[in-house]
Structure formats: C-alpha cells, structure tokens
Amino acid sequence: MSAQRSPTASLSDKDKLGAEESRLDTVASPTPDGPGPSSRVKAGDAALEILGDGSTRHQYTEEEDRRVLRKIDFWVMPIVLMVYFLQQLDKSSVSYASVFGLVQQTGLVGKQYSWLTSIVYVAQLVWQPMSSYMLVRFPLSKYLFVHVLFWGVIVASTAGAHNFKGLITARFFLGIFEAT
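Per full-length UniProt numbering, residue 1 is the first one in the sequence shown, and the count goes up by one each step.
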C-alpha cells in the first residue's frame, strides 16, 4: 500500500533544498523589459523568491492560516494601534497647547497657528512619494523603526521650540516621519 502525497502536504527539507537550488541555478534569458525572474531572485528580490515564477500555486492549510493570523494579532496589531494612538495624540496636542497659552507664549500672529496645524499634512504630501519608494527599496522593519524612532525624537524635542520657526520646523519633520 503506497501513500500518496496530498497537494497541501509539505515537502521534506531535502526536496525544498533541491527545488530551491534548481530554481536559483536556472537563469532566465533577459527580455527586452529587463532581466528574467531568476536573476532578480539572485539580486535579492525576497517576494519573487517566495512567489517564484507564478507557475506553482501554494496551498496553505487552515491551521497555517490561523497560526499566521494569531501572530499578526499578537505582535503586529498592538504596535500599529499604539503608533496610531500616539500620532493622533500628537495631532491634537497643538489644539490642547493653544488652550493653555501656546499662541501667547510663542508670539504667534495672524495665520501662524493655522500653519502649525497644516504643515504636517503638507509635509506628508511632499514626502509620501519618496517614502513609498523607500518602503520597497529598504528593509521594511529597519525603515519603519527609524521613522518611528525619529518621529518620537521630534515629538519630544518640540517642547524646546519657543517661537514660530522652531514650532513649524518641528511640525514639518513630524509630517515627514508620519508619511510612512
């Protein structure tokens, strides 16, 4: 009695290694649009390495789906929620500060207060295309870590701003680091 392998059964480590080596050793000929998929895998395209050339459909079990979802819910979502909470708190902090005398203490006149609230969105608009490019160009975890770290540094250093120039500069950089 021979056992047949189901489509969702996992390959042994030897089979995986052999399949990976044969896929990496095969170099597709360059096309007019650019190099073939194998040369991009060798160049470090992690997504293409996982997906392959698209001819093989990956089957995942319900248990694998649940396990990945639990990891996302446990590790990623609390971080995302905390960052969004802190960003919203930051955006509303200018409103709170105005109630406690920000306009008088920093000598804001005319439309300067309006610019303090608007410059964040202007900076996001300006920086978003560059940020989107860098998100796919650099390792995601390191890129996001740097942005969240610098965002926190700028939020903390905003307390040292005592005039319109300092406040508008800090708010502009907040917009840049929030553009991720």
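The C-beta atom is built at its ideal place from N, Cα and C for all residues, glycine as well.
Handout entry: Length of the line joining the Cα atoms of D45 and S98
Key = Within the sequence shown, the letter at position 45 stands for residue 45. Within the sequence shown, the letter at position 98 stands for residue 98. Straight-line Cα distance between these residues: approximately 48 angstroms.
Problem - Residue interval of the alpha helix (DSSP H) (run including R57) - result: The sequence position of residue 57 within the sequence shown is 57, counting from 1. Careful: R57 lies outside any alpha helix (DSSP H) and carries neither H nor E.
Exercise for the section: Could you have a look at K111 and say whether DSSP puts it in helix, strand or coil? Expected result: Looking up residue 111 in the sequence shown gives position 111. Reduced to three states, the DSSP call for K111 is coil.
Handout entry: Sequence ranges, beta strand (DSSP E) only - wholly within the segment 66 to 118, length at least 3
Key = none
Practice task
Determine the burial state of P32: buried for a count of at least 16 other Cβ atoms within 10 Å of its Cβ, exposed for fewer.
Solution key: Within the sequence shown, residue 32 is the residue found at index 32, counting from 1. Its pLDDT being 48, under 50, P32 is placed unreliably in this model, and the value from its coordinates should be taken loosely. P32 should be labelled exposed.
Exercise for the section: Just the C-alpha distance for T56 and S141, rounded to the nearest angstrom, thanks. Expected result: Here residue 56 refers to the residue found at position 56 of the sequence shown. Here residue 141 refers to the residue found at position 141 of the sequence shown. Their backbone Cα atoms lie some 28 angstroms apart in a straight line.
Handout entry: For T180, the three-state DSSP class (helix, strand or coil)
Key = Your numbering for residue 180 matches position 180 in the sequence shown. DSSP places T180 in coil when its eight states are reduced to three.
Problem - Own chain, CB closer than 7 angstroms to I168, minus 5 neighbours either side, in chain order - result: Taking the sequence shown and counting its residues from 1, the one referred to as residue 168 is at position 168. Once the five neighbours on either side are set aside, the close Cβ partners of I168 are W115, L116 and I119.
Practice task
Keeping to the same chain, check which residues put their C-beta closer than 7 angstroms to that of S131; ignore five residues upstream and five downstream.
Solution key: Within the sequence shown, the letter at position 131 stands for residue 131. Closer than 7 angstroms at the Cβ level, and outside the excluded window around S131, lie A179 and T180.
Exercise for the section: Go ahead and label W151 buried or exposed: buried means 16 or more other beta carbons lie within 10 angstroms of its beta carbon, across all protein chains shown. Expected result: The residue labelled residue 151 in the question sits at position 151 within the sequence shown. Buried, because 16 or more other Cβ atoms sit within 10 Å of the Cβ of W151.
Handout entry: When A159, I154, L108 and N163 are compared against F172, the one with the closest alpha-carbon
Key = Position 172 of the sequence shown, counted from the start, is the residue given in the question as residue 172. Among A159, I154, L108 and N163, the Cα nearest to that of F172 is on I154.
Handout entry: Contact check, V126 vs Y113, beta carbons under 7 angstroms
Key = To locate residue 126, count along the sequence shown from 1; it is residue 126. To locate residue 113, count along the sequence shown from 1; it is residue 113. Their beta carbons are not under 7 angstroms apart, which means V126 does not touch Y113 by this criterion.
Practice task
With a 10 Å radius around its C-beta and 16 neighbouring C-beta atoms as the bar for buried, classify G175 as buried or exposed.
Solution key: Reading the sequence shown from its first residue, position 175 is the one you call residue 175. The residue is buried, with at least 16 neighbouring Cβ atoms inside 10 Å.
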